[in-house]
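Heads up: the structure comes next, in structure tokens.
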Amino acid sequence: MSLWQSLILASLAAFTLPGLMGWVLARRRGLQVFWGSLIFGALVMLYGWVTARPTLTPEVAGMHTIVIYFLLLPAFMSLVLGAILGAWQHRQAMP
């Protein structure tokens with residue numbers, strides 16, 4: 001399996017699994033999961049901002065960019081969108 005094929009599979013998993021997890025949890029707990037996902041994303045992004053080094057080699061910087069745009073960003077977006085949909089369904093189910 002080539003690098004691009006494994007990246008596509010990992011990207012699909014990163015886009016699907018956190019969204020499903022956020023949706024299931026938010027259907028049970030409501031808006032708490034949405035706010036928790038936003039806080040979690042902010043903490044991860046702050047950690048990445050603090051640990052980022054401007055002296056990376058071009059190969060390592062390229063891999064960091066690929067990981068950010070093909071794995072971390074889709075995972076975060078699907079988590080937040082799943083939490084929004086689940087919280088909306090949680091709210092609709094309440095009397």
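Residue numbers (UniProt numbering): 1 to 95.
For every residue, glycine included, the Cβ atom is placed at its ideal position computed from N, Cα and C.
Check, Outcome
"Best match in VAL24, ALA14 and LEU17 for proximity to HIS90 [C-alpha to C-alpha]", "VAL24"
"At least 3 beta-carbon pairs within less than 8 Å: the segment 7 to 26 vs the segment 48 to 64", "no"
"Rounded separation between VAL60 and ARG29 - CA only", "40 Å"
"Proximity winner among LEU7, VAL44 and LEU20, relative to ALA87 (alpha-carbon distances)", "LEU20"
"Same chain, Cβ closer than 7 Å to SER37, neighbours up to 5 away in sequence not counted", "GLY22, LEU79, VAL80 and ALA83"
"9 Å Cβ cutoff met for ALA26 and PHE15", "no"
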